[in-house]
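Chemist: I'd like to ask some things about the structure below.
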Amino acid sequence: MAFRSLRHQTHVQADVTDEALEELLLDNERAIIEAQRARIVFERQDFNTRNAAFENEPKHAFQARGNRTKIDKNNVGVLQPGDHVSWHRNYIIWHHAIVLKVDRHRNKLFVIQWQKVNDGNSKGNIVEQWIDSVSQKGEFYRIDYENDVTESNPHALVLYRARCEVGKTNYQYLKNNGETFATFCKTGNRDGCQENWFTKIVQEALIVAEIR
Numbered sequence: 001m002a003f004r005s006l007r008h009q010t011h012v013q014a015d016v017t018d019e020a021l022e023e024l025l026l027d028n029e030r031a032i033i034e035a036q037r038a039r040i041v042f043e044r045q046d047f048n049t050r051n052a053a054f055e056n057e058p059k060h061a062f063q064a065r066g067n068r069t070k071i072d073k074n075n076v077g078v079l080q081p082g083d084h085v086s087w088h089r090n091y092i093i094w095h096h097a098i099v100l101k102v103d104r105h106r107n108k109l110f111v112i113q114w115q116k117v118n119d120g121n122s123k124g125n126i127v128e129q130w131i132d133s134v135s136q137k138g139e140f141y142r143i144d145y146e147n148d149v150t151e152s153n154p155h156a157l158v159l160y161r162a163r164c165e166v167g168k169t170n171y172q173y174l175k176n177n178g179e180t181f182a183t184f185c186k187t188g189n190r191d192g193c194q195e196n197w198f199t200k201i202v203q204e205a206l207i208v209a210e211i212r
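Residue numbers (the UniProt record's numbering): 1 to 212.
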């Protein structure tokens, strides 16, 4: 398959240029699109992801998937295009992004993510940008998905979805945020732990109120 070729090439050619990597990504995206024209990539499908999206999560809901791997900020070379990454900011804040390119020599990542906009008219928009891994605040993680999910949603398809989201502006804390964006890119649906976490908190508060 084309996506396996992309994965192999990006690992073997560690010093590949940005231009060459971009060409590889575009070639593989075309192959994925042509091979799956009949497949609806923007709506949840049974073959895109498991029905129980969070079956491996801890019983207590929180704002990031329990299936994650901590990444050394000085070793971003372990990441690859299409990975879902997240930084645990202060307290309960998690910031999410999809990796587009990896510069392991300078520890930089080219990502697609939500970014704040200080224009008074929007809460943010989805952008493509280079970021310095070391300067990012919080512990750094790769969010891991089950094998059947990654096999049904190859990296080229993940990148295609992510690029189609660039420029969108309707940010919402629970329904349309960094996590739901990244989860959609990886699985084809917009389920998120933040909404589960908030629902759990509300339910617990209601139970306490009833007891009192």
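No residue lacks a Cβ here, since even glycine has one placed at the ideal position from N, Cα and C.
Every value quoted in this text rests on a predicted model; they were computed, and no experiment measured them.
With respect to the beta strand (DSSP E) encompassing Asn-125, which residues constitute its N-terminal and C-terminal limits?
Modeler: Taken as a continuous stretch (DSSP letters only), the beta strand (DSSP E) holding Asn-125 covers 125-132.
Chemist: If you run the structure through DSSP and keep just helix, strand and coil, what is Val-85?
Modeler: Strand.
Chemist: For Leu-157, report the span of its alpha helix (DSSP H) as first-last.
Modeler: 155-165 is the extent of the alpha helix (DSSP H) around Leu-157.
Chemist: Can you tell me whether Thr-169 is helix, strand or coil according to DSSP?
Modeler: Coil at Thr-169, not helix or strand.
Chemist: Give me the DSSP bridge partner(s) of Val-76.
Modeler: According to DSSP, which records beta bridges pairwise, Val-76 is partnered with nothing at all.
Chemist: Here's a check: name, in chain order, each residue in its chain whose Cβ is nearer than 7 Å to the Cβ of Asn-170, leaving out the five neighbours to either side.
Modeler: These residues qualify, in order along the chain: Asn-176.
Chemist: Return the CA-CA distance between Ala-156 and Val-76, expressed in angstroms with no decimal places.
Modeler: Rounded to whole angstroms, Ala-156 to Val-76 spans 19 Å at the Cα level.
Chemist: Determine the DSSP secondary structure at Glu-139, reduced to helix, strand or coil.
Modeler: The answer is strand: DSSP assigns Glu-139 an E or B state.
Chemist: Does Lys-108 come out as helix, strand or coil in the three-state DSSP assignment?
Modeler: The answer is strand: DSSP assigns Lys-108 an E or B state.
Chemist: Output needed for Gln-45: all residues of its chain with C-beta closer than 7 Å, excluding positions within five of it in sequence on either side, in chain order.
Modeler: With a pLDDT of 43 at Gln-45, under the threshold of 50, the modelled position of this residue cannot be trusted; read the value that follows with caution. The answer, listed in chain order, is Gly-188.
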